[in-house]
Amino acid sequence: MAILLIAEHNNQSLKTETHKVVQAAADIGGDITVLVAGFNCAAAASEAAMISGVNKVLVADNAAYEHQLAENIAALVAELGKDFSHILTAATTTGKNFLPRVAALLDVAQISDVIAIESADTFVRPIYAGNAIATVQSADAIKVLTVRPAAFRAAETGNSAPVEAINTTAHDAGVSGYVSEELTKSERPELTAARVVISGGRGMQNGENFALLNGIADKLGAAIGASRAAVDAGFVPNDMQVGQTGKIVAPELYIAVGISGAIQHLAGMKDSKIIVAINKDAEAPIFQVADYGLVADLFTVLPELEQQL
Amino acid sequence: MKILVPVKRVIDYNVKVRVKADQTGVDLANVKMALNPFCEIAVEEAVRLKEAGTASEVVVVSIGTTAVQEQLRTALALGADRALHIETDLNLDSLQVAKLLAKVVADEQPGMVILGKQAIDSDNNQTGQMLAALTGMGQGTFASKVVVNDGKVQVTREIDGGLQTVELTLPAVVSTDLRLNEPRYASLPNIMKAKKKPLDVKAADSYGVSLESKVTLLKVAAPVVRQGGVKVESVAELVDKLKHEAKVI
Ligand SMILES: Cc1cc2nc3c(=O)[nH]c(=O)nc-3n(C[C@H](O)[C@H](O)[C@H](O)COP(=O)(O)OP(=O)(O)OC[C@H]3O[C@@H](n4cnc5c(N)ncnc54)[C@H](O)[C@@H]3O)c2cc1C
Ligand SMILES: Nc1ncnc2c1ncn2[C@@H]1O[C@H](COP(=O)(O)O)[C@@H](O)[C@H]1O
Chain U
1 MAILLIAEHN NQSLKTETHK VVQAAADIGG DITVLVAGFN CAAAASEAAM
51 ISGVNKVLVA DNAAYEHQLA ENIAALVAEL GKDFSHILTA ATTTGKNFLP
101 RVAALLDVAQ ISDVIAIESA DTFVRPIYAG NAIATVQSAD AIKVLTVRPA
151 AFRAAETGNS APVEAINTTA HDAGVSGYVS EELTKSERPE LTAARVVISG
201 GRGMQNGENF ALLNGIADKL GAAIGASRAA VDAGFVPNDM QVGQTGKIVA
251 PELYIAVGIS GAIQHLAGMK DSKIIVAINK DAEAPIFQVA DYGLVADLFT
301 VLPELEQQL
Chain S
1001 MKILVPVKRV IDYNVKVRVK ADQTGVDLAN VKMALNPFCE IAVEEAVRLK
1051 EAGTASEVVV VSIGTTAVQE QLRTALALGA DRALHIETDL NLDSLQVAKL
1101 LAKVVADEQP GMVILGKQAI DSDNNQTGQM LAALTGMGQG TFASKVVVND
1151 GKVQVTREID GGLQTVELTL PAVVSTDLRL NEPRYASLPN IMKAKKKPLD
1201 VKAADSYGVS LESKVTLLKV AAPVVRQGGV KVESVAELVD KLKHEAKVI
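Chains U and S supply the protein sequences, listed in that same order.
According to the working numbering, the first sequence holds residues 1 to 309 in order.
According to the working numbering, the second sequence holds residues 1001 to 1249 in order.
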């Protein structure tokens, strides 16, 4: 088995998701080659070389790859990927963007959002917003998978795998260009990596009230998330959405505040270790999955909670 | 410019699905079916581009059994001009769907293809990207804003860190995210009018595309159900339980 794993990074540093995908690759077993495609991305490549289990790091350093444009990255990965039995990356917005394109270029299926490896050709993935769990077997020559980071632990570090520059010509498809990015700046841990997540829903009533979650998040070292309703209403930015079609989180502690618990929201957080729900409606479905439920007005209890922590 | 909008018939998003006892799939007998919500957003965007004078025609296409004609009629009632039903009883993978759509693109030569980012049944999130690869088009996935200008389209994308804007040469593929627009409801007169709009039917095997998938579904299991826990009476009790019982803070 030869596995090609595409690293996720911002050119300077590696995203923690990559460590989790390495763990999934180790579950498949075989040689693991990590590709770091970017621009001035040497630092990210040396971080990748430190992950235990990685046999080799390939670096494609070119302006064409700076912003991870799917057209260019997919052409590169499809070219390199021909010699591998598996191609893996994280099921993040970056991975979901370019990897299906790779699969189509290689004329094989993609298996999305893998949550467990049964064997080298058999994988487990949720369907229908996690209301059903499918086990699928692939007879394709190259298995192309996106891996759900929340379902795997991070591989350890402490390795020093060889780093090699690749010498193929850069792929610039010429049909797409980067214009701009508006990234949310936050001192808090990333949603998908945080040990504690506290999320607000429509019950928060407006964006200003999300400040009620800040003090609690500070004390718990938590990331702040939201339901779709809170994002749609413009309370908070889109990258805070937790759920079937947003981010999937599985922290030690998830606190849902003013969130009813629609299946699409549950799909994104029901694998959390401990779930707390604060909702004034005792019948809200979120209580069916909560380990600890507090039926109360959030405007009364949030200040109390901050104080008592 | 013509816009092609592929749409999928899926289980209604409000329905709680049940896994069949024999673990071969989920029970779809007598459950409410609907247009995939992301496809609804795609139809809406295409219709708005037509209303703005940017697009001249909106063509919707769906691949599946005769039942998908119901969703094609819905799309026509929302403002699409004509529909194409590609008929098959097979449960196709995204790759096979994308291959058929690539043939439709070759026939129809649209200036843009707008489709859903994800079908809420398979949760695949693949078809648009695959179609873009097969046709050599650029892709603007997870769109929350689409601006067409001078042979190009600027797409603002919802990404994990925030928003990213890319510019694509037309023709291009755009996949929709939730914030792109709020779809309208079909009015009764428009539902009546939709019945008279053209709907062509073609057999999937007439496209010369291999419809066979190399992926076999071995089983479909119900997820582990989480047991609801206890209700606490006060913040103090909650904090105490989190500290001493769950030991997570
Ligand atoms: C295609 C599709 C994809 C979707 N994807 C997602 C997704 O990824 N993530 C997601 O979250 N949703 C998603 N949804 C939306 C989902 O169906 C629900 O509409 C949404 O999760 C509801 O958000 P909410 O719980 O904040 O709002 P509501 O359902 O309106 O619930 C608000 C809750 O706040 C409580 N409340 C109000 N005031 C107070 C107060 N003062 N104190 C305490 N409690 C209070 C109420 O009792 C209520 O339970 C999706 C829907 C579709 C169709
Ligand atoms: N059978 C189908 N017929 C038409 N369009 C489809 C079909 N399957 C998927 N699509 C389109 O592809 C999008 C993404 O689906 P998927 O990649 O399967 O998650 C959907 O929102 C549809 O726009």
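Don't be surprised by glycine CBs; every beta carbon is placed ideally from N, CA and C.
Quick caveat, the model's predicted, so the values are computed rather than measured.
Bridge-paired residues (DSSP) for R1009(S):
In the second sequence, counting from the first residue as 1, residue 1009(S) sits at position 9. Here R1009(S) is bridged, per DSSP, to L1035(S).
Which stretch, first to last residue, makes up the beta strand (DSSP E) that contains N131(U)?
Taking the first residue of the first sequence as position 1, residue 131(U) is located at position 131. Element bounds for N131(U): n/a, residue is neither H nor E.
Please find out if some non-hydrogen atom of ligand 1 comes closer than 8 Å to the beta-carbon of V242(U).
Taking the first residue of the first sequence as 1, we reach residue 242(U) at position 242. Because some heavy atom of ligand 1 lies under 8 Å away, the Cβ of V242(U) counts as near it: yes.
How would you list, in chain order, the residues of chain S whose beta-carbon sits under 8 Å from the beta-carbon of I117(U)?
Along the first sequence, read from residue 1 onward, the residue named residue 117(U) stands at position 117. Here the premise fails: no neighbours, minimum Cβ distance about 14 Å.
Residues of the stretch 1113-1125 of chain S with a CB closer than 7 Å to any CB of chain U: list them in chain order, please.
Listed in sequence order: Q1118, I1120, D1121, S1122, D1123, N1124, N1125.
Counting C-beta neighbours from all protein chains within 10 Å, is the total for N206(U) 16 or more, i.e. buried, or is it exposed?
The sequence position of residue 206(U) within the first sequence is 206, counting from 1. Exposed is the call here.
Return the chain-ordered ranges of every beta strand (DSSP E) run that is complete within the stretch 40-105 of chain U and spans a minimum of 3 residues.
Runs of beta strand (DSSP E) with 3 or more residues, each lying fully within the stretch 40-105 of chain U, are found at 56-61, 86-90, listed in chain order.
Local conformation of M240(U) per DSSP, three classes:
Translated into positions along the first sequence, residue 240(U) becomes position 240. Helix.
Taking only beta-carbon positions, decide if Q1164(S) is within less than 9 Å of chain U.
Indexing the second sequence from 1 puts residue 1164(S) at position 164. Interface criterion met: the Cβ of Q1164(S) is under 9 Å from a Cβ in chain U.
Considering only residues of the stretch 1125-1193 of chain S, which uninterrupted alpha helix (DSSP H) runs meet the minimum length of 4 residues and lie entirely inside it, listed in chain order?
1127-1135, all fully within the stretch 1125-1193 of chain S.
Compare the C-beta of R188(U) against all C-beta atoms of chain S and say whether one is closer than 9 Å.
One-based indexing of the first sequence puts residue 188(U) at position 188. Using a CB distance cut-off of 9 Å, R188(U) does not count as an interface residue toward chain S.
When the cut-off is 9 Å and only beta carbons count, does P162(U) lie next to chain S?
By one-based count along the first sequence, residue 162(U) stands at place 162. Chain S has no Cβ within less than 9 Å of the Cβ of P162(U).
Determine whether the beta carbon atoms of L1180(S) and I1041(S) lie at a separation below 9 Å.
Stepping through the second sequence from its first residue, residue 1180(S) is reached at position 180. Stepping through the second sequence from its first residue, residue 1041(S) is reached at position 41. A distance below 9 Å separates the beta carbons of L1180(S) and I1041(S).
CB contact check: Q1154(S) to chain U, cutoff 9 Å:
As a position in the second sequence, residue 1154(S) is number 154, starting the count at 1. The Cβ of Q1154(S) sits closer than 9 Å to at least one Cβ of chain U.
Taking 8 Å as the cut-off, is the C-beta of G201(U) nearer than that to any heavy atom in ligand 1?
For the purposes of this step, residue 201(U) is identified with residue 201 of the first sequence, where counting begins at 1. Under cutoff, so the answer is yes.
Give the residues of chain U in contact with R1226(S), contact being defined as C-beta atoms less than 7 Å apart.
Here residue 1226(S) corresponds to residue number 226 of the second sequence, with the count starting at 1. Those within 7 Å of R1226(S) in chain U are K270, V289.
For K1043(S), count neighbouring C-beta atoms within 10 Å of its own C-beta (all shown protein chains included) and say buried if the count is 16 or more, exposed if not.
As a position in the second sequence, residue 1043(S) is number 43, starting the count at 1. Rather than Lys, the amino acid found at residue 1043(S) in this sequence is Val. Residue environment analysis places V1043(S) among the buried positions, since at least 16 neighbouring C-beta atoms fall within 10 angstroms of its C-beta.
Which complete beta strand (DSSP E) runs does the stretch 177-251 of chain U hold, if anything under 3 residues is left out?
Every beta strand (DSSP E) stretch that sits fully inside the stretch 177-251 of chain U and reaches 3 residues is listed by chain position as 196-200, 223-226.
I'd like to know if the stretch 285-294 of chain U and the stretch 134-151 of chain U are in contact, where contact means that at least 3 CB-CB pairs between them fall below 8 Å.
Proximity of the stretch 285-294 of chain U to the stretch 134-151 of chain U falls short of the contact definition, fewer than three beta-carbon pairs being nearer than 8 Å.
Exposed or buried, what is Y254(U) when buried is set at 16 or more other beta-carbons lying within 10 Å of its beta-carbon?
What you label residue 254(U) is simply residue 254 of the first sequence in a count that begins at 1. Its Cβ being crowded by 16 or more others within 10 Å, Y254(U) is buried.
Inspect the CB distances between the stretch 233-248 of chain U and the stretch 257-270 of chain U and report whether three or more fall short of 8 Å.
Enough Cβ pairs lie closer than 8 Å, so yes.
Is there at least one non-hydrogen atom of ligand 2 closer than 8 Å to the beta-carbon of P1006(S)?
Here residue 1006(S) is taken as the residue at index 6 of the second sequence, counted from 1. Yes, the beta carbon of P1006(S) sits closer than 8 Å to at least one heavy atom of ligand 2.
Against chain U, which members of the stretch 1016-1032 of chain S pass a CB distance test of less than 7 Å?
So the list reads K1016, V1017, V1019, V1026, given in the order they occur along the chain.
Check whether chain U comes within 9 Å of P1223(S), counting only Cβ atoms and requiring the distance to be less than that.
In the second sequence, counting from the first residue as 1, residue 1223(S) sits at position 223. It does; some Cβ of chain U falls within 9 Å.
Closer than 9 Å to chain S by CB, V102(U):
On the first sequence, position 102 is the one that residue 102(U) refers to. Yes, because at least one Cβ of chain S sits closer than 9 Å to the Cβ of V102(U).
Interface residues of chain U facing A1077(S) [CB-CB closer than 7 Å]
Position 77 of the second sequence holds residue 1077(S). Near A1077(S) there are no residues of chain U at all, since even the closest Cβ is about 24 Å away, more than 7 Å.
Comparing alpha-carbon positions, which option in G1151(S), K1008(S), L1188(S) lies nearest Q1069(S)?
Sequence index remark: in the second sequence, residue 1069(S) carries index 69 (1-based). The residue with the shortest Cα to Cα distance from Q1069(S) is K1008(S).
Minimum Cβ-Cβ distance from Q12(U) to chain S less than 9 Å
Translated into the one-based positions of the first sequence, residue 12(U) becomes position 12. No - not a single Cβ of chain S is within 9 Å of the one on Q12(U).
If A1083(S) sits next to L1076(S), beta carbons under 8 Å apart, how far is it from one beta carbon to the other, in whole angstroms?
To locate residue 1083(S), count along the second sequence from 1; it is residue 83. To locate residue 1076(S), count along the second sequence from 1; it is residue 76. Right, the Cβ-Cβ distance comes to about 6 Å (below 8 Å), so this counts as a contact.
Contact between the stretch 1161-1180 of chain S and the stretch 1131-1143 of chain S (3+ Cβ pairs under 8 Å)
Contact between the stretch 1161-1180 of chain S and the stretch 1131-1143 of chain S is present, because at least three Cβ pairs lie under 8 Å.
Sub-9 Å separation of T312(U) and A150(U) beta-carbons:
Look at the range of chain U in this structure, 1 to 309, and you will see that residue 312(U) is not part of it.
I1120(S): beta carbon under 8 Å from a heavy atom of ligand 1?
Working through the second sequence from its first residue, we reach residue 1120(S) at position 120. At a threshold of 8 Å, I1120(S) counts as near ligand 1, since its beta carbon sits closer than that to one of the ligand's heavy atoms.
Is it the case that the CB of S1175(S) approaches a heavy atom of ligand 2 more closely than 8 Å?
Position 175 of the second sequence holds residue 1175(S). Yes, since a heavy atom of ligand 2 falls inside the 8 Å radius drawn around the Cβ of S1175(S).
Residues in its own chain within less than 6 Å of V1061(S) by CB, not counting five upstream and five downstream?
Translated into the one-based positions of the second sequence, residue 1061(S) becomes position 61. Counting only residues of its own chain and dropping the five nearest sequence neighbours on each side, V1061(S) has a CB closer than 6 Å to the CB of P1006, L1084, V1104.
Helix or strand or just coil, what does DSSP make of H1085(S)?
Your numbering for residue 1085(S) matches position 85 in the second sequence. For H1085(S), the three-state secondary structure derived from DSSP is strand.
Scan the stretch 1082-1098 of chain S for residues whose Cβ lies nearer than 8 Å to a Cβ of chain U and list them as they occur along the chain.
So the list reads D1093, S1094, L1095, A1098, given in the order they occur along the chain.
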